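J.: Quick note on numbering: the sequence shown equals residues 9 to 259 in my numbering.
All C-beta atoms, glycine included, are put in the ideal place defined by N, C-alpha and C.
None of these values were measured; they are calculated from a predicted model.
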Amino acid sequence: MEKLKSSWKLEEEKGFEGWDFSGLDGRMVEEPLPWDYKQAVLALIGEETVMLDMGTGGGEFLLSLNPPQGRTYATEAYLPNFELCRKKLPQYGIDVRLVHDDNDLPFEDGMFDLIINRHESFSAGEVLRLLKPGGVFVTQQVGGQNNRELSRLLLGDDRMVTDAAFDLHRTAELLEDAGFIVTERREYYPELRFYDIGALVRFAKIIEWEFPDFSVDRCFEPLCRLQEQLAERGYVASREHRFFIAANKGV
């Protein structure tokens, strides 16, 4: 097991940039969702659309949309990602802003036709303020049950900093209370499979809010038990939690 431990610690020490998990391709596989967030967004982008991507990460997903140059904006709160985007996104005609407060975004009232948000926090009232009449908000969120069982197994108790009650129903209610008309709502609990424990180690180090204080040394015994499970069935599984909402601002 010492050889395995050494290889896991190498995974623990690897860096991470933007929001790009391609280094885990084939080692970690997510069950497809029953909706397609990207296609839902693409269907709403027209020739004159002015759009905002909230919490753009490293800008990878936004660039995959080929968004309208000169009419696309992005926000990012994590300084290393913001610095990465500030160097990369302007060449594609995208204006990126550093944000610190969901309730105070640096844009004018009624500026956007479309606001998208993939796995980022938001203030429903502030999003409503930024949309033009008839504008659309599309969000896919990570629910409060995401990887909670796996986190508890590794850490020994429930230390996740995320809200266990964060779900579709409560979020849709918040949007409706703010004045939105919710037009679509969906929720799903996909399976995430790890095909080697090193991939799980790297994942847990990256997703630190779900695996706080995780380290190979601290969690070595449960990692060894998971290694035995993987040897028996070929993978270790975790249960994720996702939900999707599309909502309109009234005209």
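Taking the continuous beta strand (DSSP E) assigned at Gln148, which residues delimit it?
T.: 139-150
J.: Within its chain, find whatever has a CB closer than 6 Å to the CB of Gly63; leave out the 5 residues flanking it on each side and keep chain order.
T.: Glu128
J.: For the region 113-126 against the region 141-153, do three or more pairs of beta-carbon atoms, one drawn from each stretch, fall closer than 8 Å, so that the two count as touching?
T.: yes
J.: How close, in whole Å, do the beta carbons of Leu97 and Gly67 come, if the pair is a contact with beta carbons under 8 Å?
T.: 5 Å
J.: Just to check my reading of the structure: Trp217 and Val169 have Cβ atoms closer than 8 Å, yes? What is that Cβ distance to the nearest angstrom?
T.: Your pair Trp217 and Val169 checks out as a contact, with CB atoms roughly 5 Å apart and the cut at 8 Å.
J.: Between Val224 and Lys11, is the Cβ-Cβ spacing less than 8 Å?
T.: Against a cut-off of 8 Å, the Cβ pair of Lys11 and Val224 comes out as no contact.
J.: Using DSSP with H/G/I as helix, E/B as strand and the rest coil, what is Ile189?
T.: strand
J.: Taking the straight line between their C-alpha atoms, what separation do you get for Glu229 and Gly164?
T.: Approximately 11 Å between the Cα atoms of the pair.
J.: What residue range does the alpha helix (DSSP H) around Ser14 cover?
T.: First-last of the alpha helix (DSSP H) with Ser14: 10-21.
J.: Do Phe202 and Val244 have their CB atoms nearer than 8 Å?
T.: It is a contact, given that the beta carbons lie within the stated cut-off.
J.: May I ask you to list the residues that DSSP assigns as paired with Ser246?
T.: Leu200
J.: State the start and end residues of the unbroken alpha helix (DSSP H) segment that holds Ala212.
T.: That run of the alpha helix (DSSP H) goes 205-214.
J.: Of the residues Glu236, Gly206, Gly65, which one's Cα is nearest the Cα of Leu32?
T.: Gly206
J.: By a C-beta neighbour count over all protein chains shown, 10 Å radius and 16 as the cutoff for buried, is Asp204 buried or exposed?
T.: With a 10 Å radius around the Cβ and a threshold of 16 neighbouring Cβ atoms, Asp204 comes out buried.
J.: In the DSSP assignment, the alpha helix (DSSP H) including Tyr45 goes from what residue to what residue?
T.: 45-50
J.: Per DSSP, what kind of secondary structure is Phe115 in: helix, strand or coil?
T.: coil
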